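Those protein sequences? They're chains D and B, same order as listed.
With this note's numbering, the residue at position 35 of the first sequence is 35, and numbering never jumps.
With this note's numbering, the residue at position 98 of the second sequence is 98, and numbering never jumps.
Every residue, glycine too, gets a C-beta built ideally from N, C-alpha and C.
No experiment lies behind these values; they were computed from the predicted model shown.
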Amino acid sequence: MMRHLISAADLTRDDAVLILDTTEEMARVSDRPIKKLPALRGRTICNLFFEDSTRTRISFEAAEKRLSADVINFAAKGSSVSKGESLKDTAQTLEAMGVDAVVIRHSASGAPYRLATSGWIDAPVINAGDGTHQHPTQALLDAFTMRRRLVGEDALGQDLTGKRITLVGDVLHSRVARSNVDLLHTLGADVTLVAPPTLLPVGVEHWTCDVSYDLDAVLLKSDAVMMLRVQRERMNAAFFPTEREYSRRYGLDGERMAKMPEHGIVMHPGPMVRGMEITAEVADSDRCTVVEQVANGVHTRMAVLYLLLGGNEPAVSHARPTDSENK
Amino acid sequence: MDTQHPQNQQDPAHPDAARPVLEGPDIARVLTRIAHEIVERAKGADDVVLLGIPTRGVFLAERLAVKLEGITGRKTPVGSLDITMYRDDLRMKPARALGRTEIPGEGVDGRLVVLVDDVLFSGRTIRAALDALGDIGRPRAVQLAVLVDRGHRELPIRADYVGKNLPTSLRETVKVQLAEEDGRDAVLLGVQQTAPAGEQ
């Protein structure tokens, strides 16, 4: 595995499966009375959030604390960044404070890559979402949720070969969609994007997935459907006529959900806009995995942090524990 | 292990390099003896929970559970306890993949937990296992069963049940093979040429 986690596209199939397998073990820790492991004791991790996020930040924070790491939360609002400090200066401050890893969220695509490769800081960098580019831990937690639901809890070592996954909605602004397409392809799944043409990025034909404009046709053969949030905050133009029109063509309601195969699941990266991309009926149904995704998010982030920071170098894919060492 | 030391020209599994000190029937015999010892010391083994340390400790624990059932007529709960996260050398080597921790439904609170492993060497694995166990519950007592005790303890830890005491030098290797993982049962004693002390 590489030293940083910047993009889901950087992960090999073996790395991704290793993370999913490790996540399975981390999930078991949550069932115990003491939900804590000593793996990162004495390590300091900084959550560097230049863009607002409650869900992802507390998910990372919970993961870090469950691994016994010391956590520094840095929100750009109200910090020196609002006084004009650059990313470089912030990074060098963290380096000087001896931070062992940086979890960064930034509204600019590529900020985590810049941080990891510029030499400003020596610590591993984990991308917690950058602009419209990537959100690799989200893709990993989604893949983990799919593997648990579609392959089974005892799916160690397995990927998602042959599973048909559909991503619906605002692909243009979605780092979740990009990361998922990359990772699901690596894991062997067949991915289809369904969106209005205005919400598909230029060059989508080169992505490792199919594209369709007809949700109903694709639903019939989807093992999992992931609804994407319509990101109004990133929309500076009219991408579709009205919300009602969008909802009618690309929203998921009970009637549409009934067309899916019986084992099919509905996913959403959150936060959901009920009534727009998803109805309350679907959001509250047993087939909707939103709450599971949140819980799995903590376990996935524990797995990633452990594999990147648990040893003196990141885990390699074949690193199974050996019996003969240091008995 | 030999796979971690490609510079090690000598293959411990090679007959010239490693000689078996226990073979299939011997291993079955010592496990039977350990099972009887557990029943005797635990006065019937009513509240015994066997926890194997992955990988081979788990297979040994499962075999012991079968033997205990043969003696007492009752099923003995058996699980596995991964100690990877609790190792004291965790950050001295690349991050390792985790093993499986599986605690039987009965839990470990108030019960006699017998930890089972293949080789007892420095004692650091067992120290880690005691830490891991402390995060899972509070057993009435903890005992240790090992197939081979090769000495060279670095911590004040000793086994309650030992299949075979095998006095070794630090240059020697002890490799346990079990049918479930390796296709045959054997304990092999070999000579390691270049591996650092602290590993076998």
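Across which residues does DSSP place SER80/B in a beta bridge pair? GLY52/B and GLU102/B
Bridge partner(s) assigned by DSSP for HIS106/D: ASP130/D
Taking the beta strand (DSSP E) that PRO20/B belongs to, which residues open and close that run? 18-23
Going by other Cβ atoms of all chains shown within 10 Å of its Cβ, with 16 needed for buried, is ILE121/D buried or exposed? buried
Quick one: grab the DSSP three-state call for GLY152/D. coil
Run through chain B and tell me which residues come within less than 7 Å of ILE34/D, C-beta to C-beta. ASP135
Can you check whether the C-beta of LEU188/B is within less than 7 Å of a C-beta belonging to chain D? no
Is it the case that the Cβ atoms of ILE265/D and ALA224/D are separated by a distance below 7 Å? yes
If the criterion is Cβ atoms closer than 7 Å, does the pair PRO38/D and SER68/D meet it? yes
Flag GLY310/D as yes if its beta-carbon sits less than 7 Å from any beta-carbon of chain B, otherwise no. yes
Environment of ASN47/D [buried if 16+ CB atoms lie within 10 Å]: buried
Can PRO108/B and ALA145/B be called in contact, C-beta distance under 7 Å? Correcting the residue identity first, residue 108/B is Val in this sequence and not Pro. For VAL108/B and ALA145/B, no; Cβs fall outside 7 Å.
Indicate whether PHE171/D and ALA143/D have their beta-carbon atoms separated by less than 7 Å. The sequence given here places Val at residue 171/D; Phe does not occur at that position. The answer is no: Cβ separation not under 7 Å.
Can you tell me whether ASP130/D is buried or exposed, with buried defined as 16 or more other CB within 10 angstroms of its CB? buried
Within the stretch 213-273 of chain D, note down every full beta strand (DSSP E) run reaching 3 residues or more, in order along the chain. 224-227 and 265-267
Does chain D have any CB closer than 7 Å to the CB of LEU98/B? yes
TYR86/B versus chain D: which residues are under 9 Å apart at the beta carbon? LEU37, PRO38 and ALA39
Cα-Cα, which of VAL142/B, VAL176/B and ASP160/B is closest to VAL48/B? VAL142/B
Look at the alpha carbon of PRO314/D and the alpha carbon of ASP159/D, and state the distance between them as a whole number of angstroms. 21 Å
So what does DSSP say about GLY70/B, is it helix, strand or coil? helix
Counting along the chain, where does the alpha helix (DSSP H) carrying ASP182/D start and finish? 175-186
Please state whether the Cβ-Cβ distance between HIS133/D and SER109/D is less than 7 Å. yes
Tell me whether the beta-carbon of ARG111/B lies closer than 7 Å to the beta-carbon of PRO139/B. yes
Please report how far the alpha carbon of GLY190/B lies from the alpha carbon of SER7/D, in whole angstroms. 46 Å
C-beta neighbour in chain D for GLN10/B, strict 7 Å: Per-residue confidence for GLN10/B stands at a pLDDT of 46, beneath the threshold of 50, marking its modelled position as unreliable; the derived number appears in the next sentence. Taking Cβ atoms only, chain D never reaches closer than 7 Å to GLN10/B, which makes this a no.
For VAL148/B: DSSP bridge partner residues: VAL119/B and LYS164/B
Between the C-alpha atoms of GLU380/D and GLY169/D, what's the straight-line distance to the nearest angstrom? This structure does not reach residue 380/D, given that chain D is present from 1 up to 327, and the question cannot be answered.
With distance defined between alpha-carbon atoms, name the residue in LEU140/D, ALA16/D and ASP21/D nearest to GLU153/D. ASP21/D
CB-CB under 7 Å to PHE74/D, same chain, minus the five flanking residues each way: which ones, in chain order? CYS46, ASN47, LEU48 and PHE49
When DSSP builds the beta bridges, which residues end up paired with VAL176/B? VAL187/B
Under three-state DSSP, which class holds VAL99/D? coil
How is the beta strand (DSSP E) around VAL204/D delimited, first residue to last? Note, VAL204/D: premise wrong, no beta strand (DSSP E); not H, not E.
With a threshold of 7 Å between beta carbons, is LYS75/B in contact with chain D? no
Partner residues on chain D for LYS93/B, Cβ-Cβ distance less than 7 Å: GLY311 and ASN312
Leaving out the 5 sequence neighbours to the left and right, which residues in its chain are closer than 6 Å to VAL66/B when beta-carbon positions are compared? none
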